[in-house]
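Peer 1:
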Amino acid sequence: TDVNINTLRTGLPANEQKVLFVTLDVLSGQFTPVDVYDTAGADAKFGANSQAGRMIKAAVKTYRLVNAQAVALAVEGVQTQAALLTEDGEALKTEDGLLIEPEV
Numbered sequence: 273t274d275v276n277i278n279t280l281r282t283g284l285p286a287n288e289q290k291v292l293f294v295t296l297d298v299l300s301g302q303f304t305p306v307d308v309y310d311t312a313g314a315d316a317k318f319g320a321n322s323q324a325g326r327m328i329k330a331a332v333k334t335y336r337l338v339n340a341q342a343v344a345l346a347v348e349g350v351q352t353q354a355a356l357l358t359e360d361g362e363a364l365k366t367e368d369g370l371l372i373e374p375e376v
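Just so we're aligned, residue 273 is where the sequence shown starts under the numbering used here, counting upward by one.
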């Protein structure tokens with residue numbers, strides 16, 4: 273169970289706004305929204321160097337008490353935003369199962 277310790281701090285106003293990150297991390301199979309609190313947690317749910325992880329990192333830099341969820345967009349035929357694909361259209365992975373993406 274994840275615990276967001278930021279909401280437990282006393283004397284701070286309640287943050288009732290929520291943010292939903294919609295990503296193309298479709299290989300994660302995460303097609304229902306889940307709470308994300310930090311990059312490590314998002315990468316654990318969506319895969320190493322995930323869009324969800326990068327989004328929560330940027331959001332926390334902007335507002336450290338952000339209440340966020342993330343979900344992968346289910347689009348037929350889409351593997352990931354930038355992954356290299358085989359001739360069969362499957363995402364190319366390393367021996368460890370990580371997606372191979374070109375350097376940006």
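Where a beta carbon is used, it is the ideal one built from N, C-alpha and C, also for glycine.
Skipping 5 residues on each side, what residues in its chain have a beta carbon closer than 8 angstroms to that of Leu292?
Peer 2: Pro305, Ala340, Gln341, Ala342 and Val343
Peer 1: At the level of alpha carbons, what is the spacing between Gly382 and Val332?
Peer 2: Residue 382 falls outside the range modelled here, since the chain spans only 273 to 376, and no answer is possible.
Peer 1: What does Lys317 pair with, by DSSP beta-bridge criteria?
Peer 2: DSSP output for Lys317 lists no bridge partner at all.
Peer 1: Report yes if the C-beta distance between Gly325 and Asp315 is below 7 angstroms; otherwise report no.
Peer 2: yes
Peer 1: Assign Gln323 to one of three DSSP states: helix, strand, or coil.
Peer 2: helix
Peer 1: Excluding the five sequence neighbours on either side, which residues of its own chain have a C-beta within less than 8 angstroms of the C-beta of Ala240, listed in chain order?
Peer 2: No answer is possible for residue 240: it lies beyond the span of the chain, which begins at 273 and ends at 376.
Peer 1: What first and last residue would you give for the beta strand (DSSP E) that runs through Leu292?
Peer 2: Val291 to Thr295
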